[in-house]
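*Asks:* In our numbering, the protein residues as written are 29 to 211. Beta carbons are placed, not taken as given, at the ideal position from N, Cα and C, and that holds for glycine.
#1: Give me the DSSP bridge partner(s) of residue 170.
#2: Within the chosen definition, does the region 52–61 reach the region 89–97 through at least 3 CB pairs nearer than 8 Å?
#3: Are the Cβ atoms of residue 67 and residue 86 separated by less than 8 Å?
#4: Decide if residue 141 is buried, meaning its Cβ has at least 16 other Cβ atoms within 10 Å, or exposed.
#5: Give me the Cα-Cα distance between residue 154 and residue 81, rounded to the nearest whole angstrom.
#6: Please name the residue, chosen from 106, 158 and 42, that lies closest to residue 189 on a Cα-to-Cα basis.
#7: On the criterion of 16 or more Cβ atoms from any shown chain inside 10 Å, does residue 200 qualify as buried, or is it exposed?
#8: With a 10 Å radius around its C-beta and 16 neighbouring C-beta atoms as the bar for buried, classify residue 151 as buried or exposed.
#9: Please report how far the alpha carbon of residue 104 lies from the alpha carbon of residue 52, in whole angstroms.
#10: Helix, strand or coil for residue 54, going by three-state DSSP, please let me know.
#11: Let's see if you can read the secondary structure: which residues bound the alpha helix (DSSP H) around residue 146?
#12: Report the rounded CA-to-CA distance for residue 99 versus residue 128, giving the unit in angstroms.
#13: In terms of residues, what are the limits of the alpha helix (DSSP H) holding residue 63?
#14: If I measure Cβ to Cβ from residue 134 and keep anything under 6 Å in the same chain, skipping five residues before and after, which residues do I get?
#15: If residue 138 and residue 146 are in contact, beta carbons under 8 Å, what's the gap, nearest whole angstrom?
#16: Given residue 198, which residues of its chain have a CB within under 8 Å of its CB, disregarding the five upstream and five downstream residues?
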């Protein structure tokens, strides 16, 4: 079961009248008028809710003489919680594409010819820019402060702020005058 199907089922069950109908159907198959009488609802209200339950696949119907009889689809209900919990989230690729597009847009906005135009105010954008700058450092290699500044200066003139922010964000670590790229 996909998460979309599970969501449709959960939405259908998010109404008290529909939950009461499902509970009544656990006792056995019933027709609209009998459900209406037992639940003290009008037949049109029961029909409305049955349509929602049917669309979600929770109930099915069949004709018996003049009546439409509804049955509970027990397999769907039994698999719903476990299936929803175990299924992969849908649209994960779409989420990654949106994140990549956002990252690309931030980089295109703040970088020109490899230089950082300005340091973004928004933290999320700032982190993206600092990650781009961090690509100039070899992870695990120890850099002196002078080496670090010489790498950052061609990218942006405020190398002190960038160096300090990259340390506070955990991109770089500092031990005296030695710096190491962590991530």
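*Replies:* Straight from the coordinates:
#1: The sequence position of residue 170 within the chain shown is 142, counting from 1. Answer is 208.
#2: yes
#3: As a working note, residue 67 is residue 39 in the chain shown. As a working note, residue 86 is residue 58 in the chain shown. No, they are not a contact pair.
#4: Here residue 141 refers to the residue found at position 113 when the chain shown is read from its first residue. So residue 141 counts as exposed.
#5: Residue numbering aside, residue 154 sits at position 126 when the chain shown is read from its first letter. Residue numbering aside, residue 81 sits at position 53 when the chain shown is read from its first letter. Distance between the alpha carbons of residue 154 and residue 81 is about 48 Å.
#6: For the purposes of this step, residue 189 is taken as residue 161 along the chain shown, with counting starting at 1. Measuring from the Cα of residue 189, the nearest candidate turns out to be 158.
#7: For the purposes of this step, residue 200 is taken as the residue at position 172 of the chain shown. So residue 200 counts as buried.
#8: Numbered from its first residue, the chain shown carries residue 151 at position 123. Counting Cβ neighbours within 10 Å, residue 151 comes out exposed, since fewer than 16 surround it.
#9: The residue you call residue 104 lines up with position 76 of the chain shown. The residue you call residue 52 lines up with position 24 of the chain shown. Distance between the alpha carbons of residue 104 and residue 52: 17 Å.
#10: If you number the chain shown from 1, residue 54 lands on position 26. In this structure, residue 54 counts as coil in the three-state DSSP scheme.
#11: For this step, residue 146 is matched to residue 118 along the chain shown. Element bounds for residue 146: n/a, residue is neither H nor E.
#12: For the purposes of this step, residue 99 is taken as the residue at position 71 of the chain shown. For the purposes of this step, residue 128 is taken as the residue at position 100 of the chain shown. Roughly 47 Å between the two C-alpha positions.
#13: Residue mapping note: residue 63 aligns to position 35 of the chain shown, counting from 1. Its alpha helix (DSSP H) spans residues 60–67.
#14: Here the question's residue 134 lines up with position 106 in the chain shown. Contacts found: 153 and 156.
#15: If you number the chain shown from 1, residue 138 lands on position 110. If you number the chain shown from 1, residue 146 lands on position 118. Confirmed, Cβ separation roughly 7 Å.
#16: To locate residue 198, count along the chain shown from 1; it is residue 170. Cβ neighbours of residue 198 beyond the five flanking positions: 210 and 211.
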